[in-house]
Amino acid sequence: MRNQIRDEIESGQAKTIVTRFPPEPNGFLHIGHAKSIWVNFGLAEQFGGRCHLRFDDTNPAKEEQAYIDAIQEDIRWLGYEWSGAVRFASDYFDQLYAWAQHLVREGKAYVDDLSPEEIREYRGTLTEPGRPSPYRDRSVDENLDLLERMRLGEFDEGAKVLRARIDMAAPNINLRDPILYRIRHAHHHQTGDAWKIYPSYDFTHGQSDAIEGITHSLCTLEFEDHRPLYEWFLDQLPVPSRPRQTEFARMNVNYTVTSKRKLKLLVDQNVVDGWDDPRMPTISGLRRRGYTPASLRKFCDMTGVSRAANVVDIAMLHFAIRSDLEDNAPRAMCVLDPLKVVLTNVPADHDEAFEVPGHPAREDMGMRRLPFTREIWIDRDDFMEEPPKKFFRLAPGKEVRLRNGYVIRCDEVIKGGGGEIEALHCSVDFDTLGKNPEGRKVKGVIHWVSAEHGVPVEVRLYDNLFLDEAPDRDKDADFLEHLNPESLIVVEGIAEPALAKVEPEARYQFERVGYFCADRHACRDGKLVFNRTVGLKDSWAKIQKKQS
RNA sequence: UGGGGUAUCGCCAAGUGGUAAGGCACUGGUUUCUGGUACCAGCAUUCCCAGGUUCGAAUCCUGGUACCCCAGCCA
Numbered sequence: 000m001r002n003q004i005r006d007e008i009e010s011g012q013a014k015t016i017v018t019r020f021p022p023e024p025n026g027f028l029h030i031g032h033a034k035s036i037w038v039n040f041g042l043a044e045q046f047g048g049r050c051h052l053r054f055d056d057t058n059p060a061k062e063e064q065a066y067i068d069a070i071q072e073d074i075r076w077l078g079y080e081w082s083g084a085v086r087f088a089s090d091y092f093d094q095l096y097a098w099a100q101h102l103v104r105e106g107k108a109y110v111d112d113l114s115p116e117e118i119r120e121y122r123g124t125l126t127e128p129g130r131p132s133p134y135r136d137r138s139v140d141e142n143l144d145l146l147e148r149m150r151l152g153e154f155d156e157g158a159k160v161l162r163a164r165i166d167m168a169a170p171n172i173n174l175r176d177p178i179l180y181r182i183r184h185a186h187h188h189q190t191g192d193a194w195k196i197y198p199s200y201d202f203t204h205g206q207s208d209a210i211e212g213i214t215h216s217l218c219t220l221e222f223e224d225h226r227p228l229y230e231w232f233l234d235q236l237p238v239p240s241r242p243r244q245t246e247f248a249r250m251n252v253n254y255t256v257t258s259k260r261k262l263k264l265l266v267d268q269n270v271v272d273g274w275d276d277p278r279m280p281t282i283s284g285l286r287r288r289g290y291t292p293a294s295l296r297k298f299c300d301m302t303g304v305s306r307a308a309n310v311v312d313i314a315m316l317h318f319a320i321r322s323d324l325e326d327n328a329p330r331a332m333c334v335l336d337p338l339k340v341v342l343t344n345v346p347a348d349h350d351e352a353f354e355v356p357g358h359p360a361r362e363d364m365g366m367r368r369l370p371f372t373r374e375i376w377i378d379r380d381d382f383m384e385e386p387p388k389k390f391f392r393l394a395p396g397k398e399v400r401l402r403n404g405y406v407i408r409c410d411e412v413i414k415g416g417g418g419e420i421e422a423l424h425c426s427v428d429f430d431t432l433g434k435n436p437e438g439r440k441v442k443g444v445i446h447w448v449s450a451e452h453g454v455p456v457e458v459r460l461y462d463n464l465f466l467d468e469a470p471d472r473d474k475d476a477d478f479l480e481h482l483n484p485e486s487l488i489v490v491e492g493i494a495e496p497a498l499a500k501v502e503p504e505a506r507y508q509f510e511r512v513g514y515f516c517a518d519r520h521a522c523r524d525g526k527l528v529f530n531r532t533v534g535l536k537d538s539w540a541k542i543q544k545k546q547s
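This is the structure in structure tokens:
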């Protein structure tokens, strides 16, 4: 597609390119829309053209102002700005109506009194041609009069429609006298009660493109069958420009669903915490999860555009955000499953602090203070009483380095009455700060937090919402059966004190654990809530799996 | 059984008659105060199948096969 446009530009066939992103304001944008946004805005940007935002608002029954606002916020957050004002298909209702009258005068459209059921019957099937409606040959004057009275609201919803007169026997069902206008006595979020009839998608989209001077009307494959109709209208009507429709395959991601119906169901049944729940594949959900605009754009770039059916591995999305945050997220230490460690050769009043870099490779991120005291927390995962081979962490009699600090040795395991491990007694080798110990190698490094200075944090460990990589594989089997019961696990952790004053949406790498983002709703009034965006790669987990 | 599409590595995806890019994943290894990162190496004698044209075919031709979309007064 990029090549096609480049050729057009280089051959002088096209001087500039104008695209548009045309969402219907009836739901939240999701990862699939991000792809479309990236394609439309990105192409325009690349070729020095423009991209419009146009709400395709021809169905007042399903649309809401709230969606209009949310969609604009999502697009801007992704880093794009549309050319000119926000546009609406409803801006063109007057022109569209005039063009409908034009078609009627030309004998190319008629008012049909058939009921919805009759229209379906008359349309025929995939293999049988349709039959003409008995109202197909009304006079121009009668059609004009009826159409005007439809507009004025003289008829009930469903009583009449305006149809194009094309070919009831066309092998392409879209050409069997498609519906141009239907009666809807509904309040419209933009035009109020001015209209009692609303144009269909087919009668609106191409002409809106033409009015705006769109050169490339990019859409998904399911509209390919509509292209002949798109062109038919442009041929019949005195439109000011000639846009061209090009289709590409929509993007799917495994372990997710993106149909608006299913997403809405998840929200309505409180399976998730709203449209922006961090497990939702919506743009606002991904944002709250901690994805960056750049990572989403990179993901789109990595996956590309083609016409083949595709299901992108969610591992690619994970890669996109990890590689962004690896470079751009400051580091911090946070213990998720605390185990107390008493450093027996450190005095109780010892209060040392290390100055450590905010990021191992980004000097511009400065330094942070890491207090070190007699009692610290480590993660339970980092200790094993009977360690298997290749376990480089702490174990009785073994040494490990405290990240950014000293090497310690585990001298004693303190157990409670039930045999559960309550604490560890360890001793510090004070000759190991910033240097390796003499005569031996300590391979393991673990993260830790001063018990005295650490701050409590709520950590929300998110995972895929579904266990099956194709949750909606079965046509109508319930996709909710594939829900992951562990898609959210909330733990109380302890973080280093530098995290005490984070801003909502601040992103960190919790060293050795993963990337986390301060929740933009819950992180208020001093409360600290972090969402796990994605874990770090864990090759120890792989080794363990192999060993067992 | 009508019309419109698509088939290249486990997943994306370049390639448009000159002898199969790249990314993700995976597998080894090096470096490392993150079992992270980085770096190095490996990973399609073959492009849905079968014929054909050609000096030469993923690319052209013929015939198959599989999968996706279309019968809303949704978009």
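First residue of the first sequence: 0, per numbering that gives the first Met the number 0; consecutive thereafter.
Ideal Cβ positions, reconstructed from N, Cα and C, are used throughout, including at glycine.
This one's a predicted model, so the numbers in the text were calculated from it and none came from an experiment.
By the criterion of a C-beta distance shorter than 7 Å, ARG379 is surrounded in its chain by ASP336, LEU338, once the five residues flanking it on both sides are discounted. The residue from ILE377, GLU468, VAL399 with its alpha-carbon nearest to that of ALA450 is ILE377. When DSSP states are grouped into helix, strand and coil, ALA422 belongs to the strand group. The segment 281–296 makes contact with the segment 73–84: 3 or more CB pairs, one atom from each, lie closer than 8 Å.
When the Cα atoms are used, HIS51 and ARG306 turn out to be separated by approximately 24 Å. Contiguous alpha helix (DSSP H) elements confined to the segment 256–329 occur at 259–267, 282–288, 292–302, 313–327, taking only those with 4 or more residues. Assignment of alpha helix (DSSP H) within the segment 95–147, counting only whole runs of 4 or more residues, yields 115–121 in chain order. One thing to note: ASP155 has its Cβ no nearer than 8 Å to the Cβ of SER132. Distance from the CA atom of GLY303 to the CA atom of HIS186, rounded to whole angstroms, is 40 Å. Between the segment 313–331 and the segment 504–511, the count of Cβ pairs shorter than 8 Å is three or higher; the stretches touch.
Following the DSSP letters along the chain, one finds ALA169 in no alpha helix (DSSP H), marked with neither H nor E. The residue among GLU384, ARG361, GLN206 with its C-alpha nearest the C-alpha of GLU419 is GLU384. For the set PRO128, GLU153, ARG164, GLY129, the Cα lying nearest the Cα of ARG135 is the one of ARG164. The bridge partners DSSP lists for HIS29 are THR281.
Per DSSP, the continuous beta strand (DSSP E) segment holding GLN508 begins and ends at 506–509. For the set PRO277, VAL345, LYS261, ILE375, the Cα lying nearest the Cα of GLU480 is the one of LYS261. Bounds of the beta strand (DSSP E) holding GLU491 are 487–494. Membership of LEU228 in any beta strand (DSSP E) is not indicated; the residue belongs instead to the alpha helix (DSSP H) covering 226–235. Distances from the alpha-carbon of ASP192 to those of GLU491, CYS218, GLY152 put GLY152 closest. Classified as buried, ILE36 has 16 or more neighbouring CB atoms from the shown chains inside 10 Å of its CB. ALA476 sits exposed, since fewer than 16 C-beta atoms from the chains shown fall within 10 Å of its C-beta.
Just so you know, the alpha carbons of GLN543 and VAL444 end up roughly 18 Å apart. Classified as buried, GLY492 has 16 or more neighbouring CB atoms from the shown chains inside 10 Å of its CB.
Straight through space, the alpha carbons of PRO292 and LYS34 are spaced by roughly 12 Å.
The shortest C-alpha to C-alpha distance from CYS409 to any of GLY416, PRO386, GLY417, GLY415 is the one to PRO386. Beta bridge pairing from DSSP links ARG408 with GLU398, SER426.
In this model, LEU113 and HIS32 are separated by some 37 Å (Cα to Cα). In this structure, DSSP gives TRP37 a helical state, which the three-state scheme calls helix. Here LEU482 is buried. Its C-beta has 16 or more other C-beta atoms within 10 Å. Within a 10 Å sphere around the beta-carbon of GLU221 sit fewer than 16 other beta-carbons, which makes this residue exposed.
According to DSSP, ASP380 shares a beta bridge with no other residue. In the structure shown, TRP447 adopts extended strand secondary structure according to DSSP, grouped into three states. DSSP places PHE478 within a helical segment (H, G or I) once states are collapsed to three.
By the CB criterion at 8 Å, CYS516 and GLY284 fall outside the cutoff. Here VAL334 is buried, its C-beta having at least 16 other C-beta atoms within 10 Å. LEU527 is the residue among ARG511, ARG243, LEU527 whose C-alpha sits nearest the C-alpha of ASP518.
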